[in-house]
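Just below is one structure, and these are the notes that go with it.
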Amino acid sequence: MTEMTTVTEAAAPAPKLPTLPDAQTVTEVKHWTDRLFSFRCTRPASLRFRSGEFVMIGLMGDPDPKTGKQKPLLRAYSIASPSWDEELEFYSIKVPDGPLTSKLQHIQVGDEIILRPKPVGTLVHDALLPGKRIWFFATGTGFAPFASLLREPQTYEDYDEVIITHTCREVGELQYSHDLIESLKHDELLNELIGEGFWKKIKYYPTTTREESPKMGRITDLMRSGKVFEDLGVPPINPQDDRAMVCGNLAFNLDIKDLLESYGLEEGANSKPAQYVVEKAFLD
Ligand code: A2P
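Counted from 1, the sequence shown has number 195 at position 182 by our numbering; the numbering is strictly sequential.
In structure tokens form, the structure reads like this:
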């Protein structure tokens, strides 16, 4: 006993051994509201991904009452950090009785999460044909892939204008997107990499539906009425100039898809690039 203690104290601090398969270590956690949080973790050296893609992440589930065995509890999460970032960032909802997020919301710096290093997804630049203007349409945590794409140099190389709409129930739920877009103005690395003032290409259009804010209403209604185009000073969406990426709840994705088709845009894929792409938000 004594001997062991002595050896441990004398040695250099031993690296913490991963206790989970595909373990990564949490490096930062931020709680935005009682329903939303974001966190950062280490990135596996071998993980290559395209900004806008998602991976499976999670924790070990509770032990099986009969066998005592634990199985990983995994969900698809869009990577919110850009492809060049040394770490990975995720933006998540907290569902009180959600199998994963009820636990995940309690993670702290130094904890481990499971991260399967197999990125996939349709919200990638490769799935779109060249255009003049890119629209990112998000509700709630559907903003996550756009947090990645807004920090991706290719977004600004490919387009003259970058429009991001974010619809949430309450004002506090817009804080993450607001802060992220503000941070771009002061990001020395990106301003140097992409070009000083690159962020001036961004038009941010946040709206709320259940709490008073400067811009109220569902983005779908604001598109149908033409208000969003008027507010932003851009022409209505058309297949020559506009490209779109969509990420929100299922009903939202379908409604925006219908609207985009009504403007004459066609859905693209990695294998057949076109004018818009859709992903569903991955909720618990
Ligand atoms: P609303 O408050 O009118 O339902 P949720 O938290 O339910 O995922 O919704 C996030 C935001 O997306 C809310 O502001 C919600 O508006 C809006 N929303 C939900 N469904 C749609 C839809 N089909 N079209 C447009 N906005 C939607």
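Glycine residues also receive a C-beta, built at the ideal position from the N, C-alpha and C atoms.
Near ligand 1: residue i beta-carbon under 8 Å from a heavy atom
i	result
T152	yes
I232	yes
T180	yes
L267	yes
T46	no
R88	no
G261	yes
R223	yes
A282	no
A264	yes
Range of the contiguous beta strand (DSSP E) that encloses residue i
i	result
E201	Element bounds for E201: not the beta strand (DSSP E) but the alpha helix (DSSP H), E201 to I207.
T38	A36 to H44
Y169	From DSSP, Y169 is part of no beta strand (DSSP E) but of the alpha helix (DSSP H) over P166 to D171.
F265	Run containing F265: none in the beta strand (DSSP E); it sits in the alpha helix (DSSP H), L263 to S275.
T221	I215 to T221
S91	P85 to S91
T178	E174 to C181
R63	Counting along the chain, R63 falls outside any beta strand (DSSP E), and DSSP gives it neither H nor E.
I120	Neither: I120 is in no beta strand (DSSP E) and is coded neither H nor E.
R48	Where R48 is concerned, there is no enclosing beta strand (DSSP E), given that its DSSP letter is neither H nor E.
W148	R146 to T152
Reference residue i; option with closest CA among the options
i	options	result
I177	R164, G185 and C54	R164
A282	A140, G153 and S226	A140
T152	V184, G144 and R237	V184
W46	F150, Q253, L187 and N262	Note that residue 46 is Thr in the sequence shown, not Trp. Checking every option, the nearest Cα to that of T46 belongs to L187.
Y298	G246, H44 and V39	What the structure shows of the chain is the stretch from 14 to 297, and residue 298 is not part of that stretch, so it cannot be assessed.
D234	S284, M258, D271 and E100	D271
K228	Y276, R88 and H179	H179
L117	Y289, G208, L86 and D268	L86
I207	A89, T168, Q83 and C260	T168
E12	N262, K285, L278 and P286	What the structure shows of the chain is the stretch from 14 to 297, and residue 12 is not part of that stretch, so it cannot be assessed.
K285	Q37, L267 and H138	H138
E170	D77, K214, R223 and E66	K214
S91	E201, D77 and A157	A157
Q37	E174, Q121 and E66	Q121
Extent of the continuous alpha helix (DSSP H) to which residue i belongs
i	result
H191	Q188 to K198
V241	K240 to L245
K131	From DSSP, K131 is part of no alpha helix (DSSP H) but of the beta strand (DSSP E) over E125 to V133.
D254	Premise fails: D254 is in no alpha helix (DSSP H) and is neither H nor E.
P158	A157 to L162
L235	I232 to R237
T114	T114 to L117
Residue i versus residue j - alpha carbon distance
i	j	result
H198	S190	As written in the sequence, residue 198 is Lys, which differs from the His given in the question. Cα to Cα, K198 sits roughly 13 Å from S190.
P143	R63	17 Å
P95	K79	43 Å
T154	A93	10 Å
F50	V42	7 Å
V39	W212	29 Å
Y172	K145	5 Å
N266	E102	23 Å
K82	E125	19 Å
Y289	Y276	11 Å
T21	T55	With a pLDDT of 41 at T21, under the threshold of 50, the modelled position of this residue cannot be trusted; read the value that follows with caution. Rounded to whole angstroms, T21 to T55 spans 26 Å at the Cα level.
R237	S226	20 Å
L296	E205	The predicted model places L296 with a pLDDT of 49, which falls under 50 and marks its position as unreliable; any figure quoted below should be read in that light. Those two C-alpha atoms are separated by around 36 Å.
Any chain D beta carbon closer than 9 Å to residue i
i	result
E99	Looking for chain D here will not work: only one protein chain is present.
Are the segment 63-82 and the segment 101-114 in contact at 8 Å, needing three or more beta carbon pairs? The segment 63-82 vs the segment 101-114: in contact.
Would you check if the segment 114-132 and the segment 54-61 touch, i.e. whether three or more CB-CB distances between them fall below 8 Å? yes
Is it a yes or a no for the segment 100-111 touching the segment 247-260, going by three-plus beta-carbon pairs under 8 Å? no
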